[in-house]
């Protein structure tokens, strides 16, 4: 990874920390990882450089958390892309959202993933990251799982 890529990730991390939307923010050699603040189980938002380009994802090892998100979508009839597009507009991005892929990775993580626009634009990518977090925050058990309080 180039020095430009590392600078880009550090700038994204600074922006993510400043927003206060995440429980923890880490820069790794190839990615930015942001822990979901209130999820009922471990979940991480990531911006990662792969051979095909930059990707934004939500990953969790917890099958029930992933299924809780799917169940909410099924009950409301909303698509993730529609919800993501609404949040992008809220963050000042007037662009069609990229398709969101949902799959189980080779590392046995439940993934929701989009390809980001090309380039090293920390302002734009931080908006995508925050819109992605806002999209998932109200789905399933992403805002906690204790309903008997």
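Residue numbers (my numbering): 402 to 550.
For glycine and all other residues, C-beta sits at the position ideal for the given N, C-alpha and C.
- Query: Do residue 536 and residue 485 have their CB atoms nearer than 7 Å?
  - Reply: yes
- With a 10 Å radius around its C-beta and 16 neighbouring C-beta atoms as the bar for buried, classify residue 464 as buried or exposed. exposed
- Query: Is DSSP giving residue 521 helix, strand or coil here?
  - Reply: Residue state, collapsed to three classes: coil.
- For chain C, is any of its Cβ atoms less than 7 Å away from the one on residue 488? In the displayed structure, chain C is absent; only one protein chain is listed.
- Query: residue 482 to residue 402, Cα distance in whole Å?
  - Reply: Distance between the alpha carbons of residue 482 and residue 402 is about 30 Å.
- Message: My assumption, with CB atoms under 8 Å, is that residue 433 sits in contact with residue 444. Please give the rounded CB distance.
- Response: That belief does not hold up - the Cβ atoms of residue 433 and residue 444 are roughly 15 Å apart, past 8 Å.
- Task: With a 10 Å radius around its C-beta and 16 neighbouring C-beta atoms as the bar for buried, classify residue 426 as buried or exposed.
- Result: buried
- Query: So is residue 497 buried or exposed if we call it buried at 16+ other beta carbons inside 10 Å?
  - Reply: Exposed, by the Cβ-count rule.
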